[in-house]
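Throughout the sequence shown, residue numbering follows our numbering, covering 7 to 89 in sequence.
Glycine residues also receive a C-beta, built at the ideal position from the N, C-alpha and C atoms.
One structure is given here, and the rest of the page talks about it.
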Amino acid sequence: MKKTFKKMIFGMLLVLCIGCFAGCGSSTQEDEKTQELEEEQEMYQNAVDGYQATIDNLERQQKELEDFQRKQEEYQKAMDNAR
C-alpha cells in the first residue's frame with residue numbers, strides 16, 4: 007500500500023512539473039508573439055511618422071507657394087500701375 011501511495015504522489019509531482027514546464031513554454035511563445043507585435047507596431051508607427059513629416063513638409067511648401075504667388079501678383083500690380 008505504501009508503494010502505491012508513493013507512486014501516486016510521484017505521479018502527481020511529475021504531472022505538476024510537466025504542467026509547469028508546459029506553462030513556461032507557452033508563456034515564452036506569448037512573449038515572443040508580443041515582441042513581434044510590438045516590433046510590427048513600431049514599424050507602422052515609424053511609417054505613420056514619416057508620412058506625417060511628408061504631409062507637414064508639403065503643407066509648408068504649399069504655404070510658401072501661396073506667399074510667392076501673392077507677392078508676384080502684388081509685384082505685377084505695382085508694375086502695371088507704374089506704366
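Chain-order list of residues whose beta-carbon lies under 6 Å from that of residue i (same chain, five-residue window excluded)
i     : result
GLU36 : none
Nonlocal neighbours in the same chain, by C-beta distance under 8 Å from residue i, ignoring five residues either side
i     : result
ARG76 : none
MET49 : none
GLU3  : No answer is possible for residue 3: the residues shown for the chain start at 7 and end at 89.
Own chain partners of residue i with C-beta closer than 7 Å, once the 5 adjacent residues on each side are dropped
i     : result
GLN58 : none
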